[in-house]
Amino acid sequence: MAGDRLTYNYTAYVWAPYGDFWRSLRKLSVVELFSSHSLQKSAKIREEETRKILRVLNNSGARKVDLNYLVSIYSFNHMMRAVAGKSCVAEEDIGGEMGKEKLKRIRGIFSASLSQGMCDFFPVLRWIGYKGLEKNLISLHKKRDEFLQDLIDEVKGKTDVFGEKRKNNLIETLMSLQVSEPEFYTDDVIKSIIVLMFVAGTETTAVTMEWAMSLLLTHPNELHKLRQEIDDNPGHDHFLNDSDLAKLPFLRCVINETLRLYPPVPLLLPHYSSENCTLAGYHIPKGTIALVNAWTMHRDPKVWDEPNKFNPERFRGMEMEKEGYKFVPFGMGRRACPGAGMGLRTVSLALGAFVQCFEWEKVLEHDEMEGQYDSVVMLHKAKPLEAVCVPRGRAADLLLQL
Numbered sequence: 001m002a003g004d005r006l007t008y009n010y011t012a013y014v015w016a017p018y019g020d021f022w023r024s025l026r027k028l029s030v031v032e033l034f035s036s037h038s039l040q041k042s043a044k045i046r047e048e049e050t051r052k053i054l055r056v057l058n059n060s061g062a063r064k065v066d067l068n069y070l071v072s073i074y075s076f077n078h079m080m081r082a083v084a085g086k087s088c089v090a091e092e093d094i095g096g097e098m099g100k101e102k103l104k105r106i107r108g109i110f111s112a113s114l115s116q117g118m119c120d121f122f123p124v125l126r127w128i129g130y131k132g133l134e135k136n137l138i139s140l141h142k143k144r145d146e147f148l149q150d151l152i153d154e155v156k157g158k159t160d161v162f163g164e165k166r167k168n169n170l171i172e173t174l175m176s177l178q179v180s181e182p183e184f185y186t187d188d189v190i191k192s193i194i195v196l197m198f199v200a201g202t203e204t205t206a207v208t209m210e211w212a213m214s215l216l217l218t219h220p221n222e223l224h225k226l227r228q229e230i231d232d233n234p235g236h237d238h239f240l241n242d243s244d245l246a247k248l249p250f251l252r253c254v255i256n257e258t259l260r261l262y263p264p265v266p267l268l269l270p271h272y273s274s275e276n277c278t279l280a281g282y283h284i285p286k287g288t289i290a291l292v293n294a295w296t297m298h299r300d301p302k303v304w305d306e307p308n309k310f311n312p313e314r315f316r317g318m319e320m321e322k323e324g325y326k327f328v329p330f331g332m333g334r335r336a337c338p339g340a341g342m343g344l345r346t347v348s349l350a351l352g353a354f355v356q357c358f359e360w361e362k363v364l365e366h367d368e369m370e371g372q373y374d375s376v377v378m379l380h381k382a383k384p385l386e387a388v389c390v391p392r393g394r395a396a397d398l399l400l401q402l
């Protein structure tokens, strides 16, 4: 039902059936959106948005801060700038009610809205208009479409003023492609790509960062180990940047272990069997919706030692391409998430900067911080993460530069 109502007639990369159209979308994502060159171009955005959050934290003194809110602001601002060249929430609004209202609004527009899945498994519920779910989806799509059209019109207006075709953000890139291939890059295709960027690349990033910080706060030895790695390389002569991330293997281990324990989408995206097949000894008829339970795979004691323990070192030296299907937070194969590289860089940069610049203290007890979540569709923490942050003495000179 979500596919029918929210994907612009299945023109989104995730929903499109295999064929020439899907291959063209995949090529677009690989070449224009998530290539190494594209990620390097967007590094400045990540670094600038990280600095904004560091300034907010630095100005908070030694007070309790709402990390759920701040990492969400960071995630949505990063994506909005990559898509449209502007922020969702201006820095001066982050600390006030206006910032919270703006974040709430855009979250509402791009919420995953997967509660209607029951109608997919029991189609009769859709026929009788169960709980108005389909009506709500139609209303949500209208809000999204209006929001996206405003974004596109705004970018078009700026382009016309400058009298040139620029490619500084995703919309400008897609508008340029539309000029050369108008039959393929229709307005619906462009909007479907933008929707996918927001839906797949904002809440998932914020959820991962929140769980990572929660795990580090409840495992001080691992937090100390990560801080030591950052202090040793690149040291404290500059803020972490994108080029430093490759020199921080333990930071990547922390993020991988977070994704193993708390994959942001634990059942991954629904798959659809194109032919009759056998899966784990079960006959799967053609046309069956199948869900891949990444949560269970990541905690399988037959595959992982002490599967419920937070142990980032288990990923040290692990060659993921040789590990088969044991670790699948981004899916696998042709339908794997093409934005995994961007997501990992976005999380790594901010998480590393938080540890580089601040000392952190937990507010809640261990049992209240770990293992409690409010949904199996998206693994949000049951209680938004709050913590006390204090500027590090070793980072004093850096923080003065903010």
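With UniProt numbering, letter number 15 in the sequence shown gets 15, and the count goes up by one each step, no holes. Ideal placement from N, C-alpha and C gives every residue a C-beta, glycine not left out. These numbers were taken from a predicted model, which means no experiment stands behind them.
Other residues of its chain near residue i: CB distance less than 8 Å, five sequence neighbours each side excluded
i: ALA387; result: LYS64, VAL65, LEU67, MET213, LEU217, TRP360, GLU361, LYS362, VAL363
i: GLY393; result: none
i: TYR185; result: LEU174, LEU177, GLN178
i: ALA84; result: LEU151, GLU154, VAL155, ASN169, LEU170, ILE171
Cβ neighbour criterion (16 or more within 10 Å) applied to residue i
i: LEU351; result: buried
i: GLN356; result: buried
i: ASP244; result: buried
i: ALA16; result: buried
i: LEU151; result: buried
i: THR205; result: buried
i: LYS131; result: exposed
i: ILE138; result: exposed
i: LEU251; result: buried
i: PRO384; result: exposed
i: SER42; result: buried
i: GLY343; result: buried
i: LEU398; result: buried
i: LEU279; result: exposed
i: THR258; result: buried
i: SER36; result: exposed
i: GLU134; result: buried
i: PHE110; result: buried
Extent of the continuous alpha helix (DSSP H) run through residue i
i: PHE354; result: 340-357
i: ASP397; result: 396-400
i: CYS253; result: 249-261
i: VAL199; result: 187-201
i: PRO391; result: Element bounds for PRO391: not the alpha helix (DSSP H) but the beta strand (DSSP E), 386-391.
i: ILE94; result: That residue, ILE94, is in no alpha helix (DSSP H); it is neither H nor E in DSSP.
i: PRO220; result: 220-232
i: LEU170; result: 170-180
i: ALA12; result: Note, ALA12: premise wrong, no alpha helix (DSSP H); not H, not E.
i: LYS131; result: It is not in any alpha helix (DSSP H) - LYS131 carries neither H nor E in the DSSP assignment.
i: LEU28; result: 20-28
i: VAL124; result: 123-127
i: ASP4; result: 2-6
i: HIS298; result: 294-298
Sequence-distant residues of its chain with Cβ nearer than 6 Å to residue i (five each side left out)
i: GLY163; result: With a pLDDT of 49 at GLY163, under the threshold of 50, the modelled position of that residue is not reliable, and no figure is offered here.
i: SER99; result: In the sequence as displayed, the identity of residue 99 is Gly instead of Ser. Hits under 6 Å: VAL89, ASP93.
i: ALA12; result: SER192, LEU196
i: LYS52; result: GLU91
i: CYS337; result: PHE330, GLY331
i: HIS298; result: ARG260
i: GLU275; result: LYS286
N- and C-terminal bounds of the beta strand (DSSP E) containing residue i
i: CYS277; result: 277-279
i: HIS283; result: 282-284
Proximity to residue i [Cα-Cα], best of the options
i: GLU49; options: ILE230, ARG81, GLY341, ILE255; result: ARG81
i: GLY95; options: ARG105, HIS78, LEU70, VAL83; result: LEU70
i: ARG107; options: LYS191, LYS41, VAL195, ILE53; result: VAL195
i: VAL303; options: GLU313, ALA206, PHE310, PHE327; result: PHE327
i: ARG316; options: LEU291, SER36, ILE255, TRP295; result: ILE255
i: ASP305; options: ARG260, LYS104, CYS389; result: ARG260
i: ARG105; options: ASN58, GLN401, ARG144; result: ARG144
i: TYR8; options: LEU268, HIS141, PHE21, PHE358; result: HIS141
i: PHE358; options: LYS44, TYR282, ALA396; result: ALA396
i: SER72; options: ASN59, LYS102, ASN58; result: LYS102
i: ALA290; options: LEU39, LEU240, PRO249, CYS277; result: CYS277
i: PHE354; options: PRO249, PRO285, PHE239, ASN311; result: PHE239
i: HIS224; options: LYS135, ARG26, PRO312, ASP20; result: PRO312
i: GLU229; options: CYS253, PHE122, LEU215, GLU210; result: CYS253
i: GLN401; options: LYS44, ASP300, ARG55; result: ARG55
i: ARG26; options: ASP120, ARG334, ASN293, ILE190; result: ARG334
Own chain partners of residue i with C-beta closer than 7 Å, once the 5 adjacent residues on each side are dropped
i: ARG46; result: HIS78, ASP242, ARG345, THR346, LEU349
i: MET378; result: ALA112, GLU203, VAL207, PRO264, VAL265
i: GLY339; result: PHE34, ALA200, GLY201
i: GLY157; result: none
i: TRP127; result: none
i: VAL390; result: ALA62, PHE358, GLU359
**OP:** Return the chain-ordered ranges of every beta strand (DSSP E) run that is complete within the stretch 36-70 and spans a minimum of 3 residues.
**Re:** 64-66
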